[in-house]
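This report concerns only the one structure given below.
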Amino acid sequence: MKIRLNKYIAEAGICSRRQADRKIEQGKVRVNGRAATLGDLVDSSDRILVDGNPLEHRMQRVYLAYNKPVGVTSTTERSDPDNIIKAVGYHGGRIFPVGRLDKDSHGLILLTNDGDIVNNILRVSNAHDKEYLVHVDRPVTDDFVKKMSEGVSILGTRTRPCRVIQTDSHTFRIILQQGLNRQIRRMCKVLGYTVKDLQRTRIMHIHLENLAMGTWRFLTDKEEEVLMSEVGETKAEPAPKKVHSFGRKVAQKKPVRSPKKNGKPGSRAAASKTRRTRK
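Each residue of the sequence shown is one higher than the last, beginning at 0 in numbering that gives the first Met the number 0.
Right, here's the structure in full:
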């Protein structure tokens, strides 16, 4: 897919988009032998020279798992002081959230710079699992579980059948394959319940597990591999190995791990648990 030339140059790590525009205006950029113009669309098949040097596009796809706290909004709008990009604090390039998680909910949300993956995950027809742990204000009954499982009428439609599992007197797990606005809260309200706490614990094969609140990690190699096999159109170039450091990332060589060693939340040992296949 062709993208704007200034973006292509910026993603190659040469300079910012604004600086790329200046170079284009100054005649320092050529595309396939001709002088480039603002607004040109290019891809990897084009021969691009910047300051007389061939441009190698080095954009690397990144995939992050973030444990969103309550109060953070799933928006990239800088005008919102609680926007998720500011909260995550990732400095390796532009990223955006995959879908949404309500401001008053917490838990797992993915972020990436891979627009194709975002579209494929969010496409309703793909029906990908999202699992939540929900605490309500009243005792959970068999009738409540049955009605939630069969579907509830909200927003002018009926929710899809889903799996609901009671975990204690006031708590249940629910696995959805759709994402209507505030769906779980609305479903509970129709049945006379109020949600007191809502945590997303899983998206597809990616689990929240021991990731500390407000911190993030890169997806493991295995998680990326499965993600590409399920929703990726082409295998993306892998990102360099990184180590999680409670919201700060630095590129490092992959450490040697002991498979039986338990790590603290946010550590590589804890992140390695995501490689295990749940029964």
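Note that beta-carbon positions come from the ideal geometry of N, C-alpha and C, so glycine has one too.
Rounded to the nearest angstrom, how far is the Cβ of residue i from that of residue j, given a contact under 8 Å?
{"i": "S152", "j": "V97", "result": "Rounded, the Cβ-Cβ distance is 28 Å, inconsistent with contact."}
{"i": "H169", "j": "P138", "result": "6 Å"}
{"i": "V144", "j": "F171", "result": "7 Å"}
{"i": "L179", "j": "S104", "result": "Between S104 and L179 the Cβ distance is about 14 Å, and since that is not below 8 Å, they are no contact."}
{"i": "Y192", "j": "D136", "result": "6 Å"}
{"i": "I120", "j": "V230", "result": "5 Å"}
{"i": "L37", "j": "D20", "result": "6 Å"}
Who are the near neighbours of residue i in its chain, counting only those whose CB is closer than 8 Å to its CB and skipping five residues on each side?
{"i": "R274", "result": "In this prediction, R274 scores a pLDDT of 44, lower than 50, which makes its location untrustworthy; the coordinate-derived value is nonetheless stated afterwards. These residues qualify, in order along the chain: T219, K221, E222."}
{"i": "Q176", "result": "A126, H127, D128, K129, R159, C161"}
{"i": "V87", "result": "L63, Y65, I94, L110, W215, G246"}
{"i": "S148", "result": "P160, C161, R162, V163"}
{"i": "C14", "result": "I8, K22"}
{"i": "A238", "result": "With a pLDDT of 46 at A238, under the threshold of 50, the predicted position of this residue should be treated as unreliable, and no value is reported."}
{"i": "R277", "result": "For R277, the predicted model reports a pLDDT of 42, less than 50, meaning its position is unreliable and no value from the coordinates is stated."}
Excluding sequence positions up to five away, which residues of its chain have a Cβ less than 7 Å from the Cβ of residue i?
{"i": "T200", "result": "G106, L107, E130, Y131, L132, H206, L207"}
{"i": "K6", "result": "R16"}
{"i": "G150", "result": "R157, T158, R159, P160"}
{"i": "Q18", "result": "none"}
{"i": "A35", "result": "L4, I23, V28, R29"}
{"i": "E76", "result": "N82"}
{"i": "T166", "result": "R172"}
{"i": "V225", "result": "H204"}
What does a CB cutoff of less than 6 Å around residue i pick up in its chain, not counting 5 residues either side in sequence?
{"i": "R162", "result": "I174"}
{"i": "K300", "result": "For residue 300 there is no data in the structure shown, the boundaries of the chain being 0 and 278."}
{"i": "R46", "result": "N31"}
{"i": "K234", "result": "With a pLDDT of only 40 at K234, under 50, the local geometry of the prediction cannot be trusted, and no value is derived from it."}
{"i": "G213", "result": "P68"}
{"i": "V249", "result": "Here the model assigns V249 a pLDDT of 34, short of 50, so the residue's position is not dependable, and the following value carries that caveat. Here the set comprises nothing."}
{"i": "V117", "result": "V97"}
Please indicate yes or no: does the CB of residue i lie closer than 6 Å to some heavy atom of the ligand MG?
{"i": "K27", "result": "Although the ligand MG was asked about, the structure shown includes no ligands whatsoever."}
To which residues does DSSP link residue i through a beta bridge?
{"i": "L110", "result": "L63, P96"}
{"i": "F143", "result": "Bridge partners of F143: none, in fact."}
{"i": "V30", "result": "R33, I47"}
{"i": "E210", "result": "The sequence shown places Leu at residue 210, rather than the Glu named in the question. L210 is not bridged to any residue."}
{"i": "L40", "result": "R3"}
{"i": "H105", "result": "Q198"}
{"i": "I205", "result": "I202"}
{"i": "P53", "result": "L48"}
{"i": "T72", "result": "N82"}
Could you please give the first and the last residue of the uninterrupted beta strand (DSSP E) stretch that includes residue i?
{"i": "E24", "result": "Premise fails: E24 lies in the alpha helix (DSSP H), 16-24, not in any beta strand (DSSP E)."}
{"i": "E130", "result": "129-135"}
{"i": "D196", "result": "194-202"}
{"i": "I173", "result": "170-175"}
{"i": "V189", "result": "Careful: V189 lies outside any beta strand (DSSP E), inside the alpha helix (DSSP H) at 182-189."}
{"i": "L154", "result": "From DSSP, L154 is part of no beta strand (DSSP E); its letter is neither H nor E."}
{"i": "D220", "result": "Counting along the chain, D220 falls outside any beta strand (DSSP E), though it belongs to the alpha helix (DSSP H) covering 220-230."}
{"i": "V163", "result": "162-167"}
{"i": "R216", "result": "215-217"}
Kindly indicate the opening and closing residues of the alpha helix (DSSP H) around residue i.
{"i": "V87", "result": "83-87"}
For the structure I just gave you, are there three or more beta carbon pairs, one from the region 104-112 and one from the region 60-72, closer than 8 Å?
Yes: at least three Cβ pairs fall under 8 Å.
Touch test, the region 22-31 against the region 178-186, Cβ-Cβ under 8 Å, three pairs minimum:
Touching, no, given that fewer than three Cβ pairs across the two stretches are closer than 8 Å.
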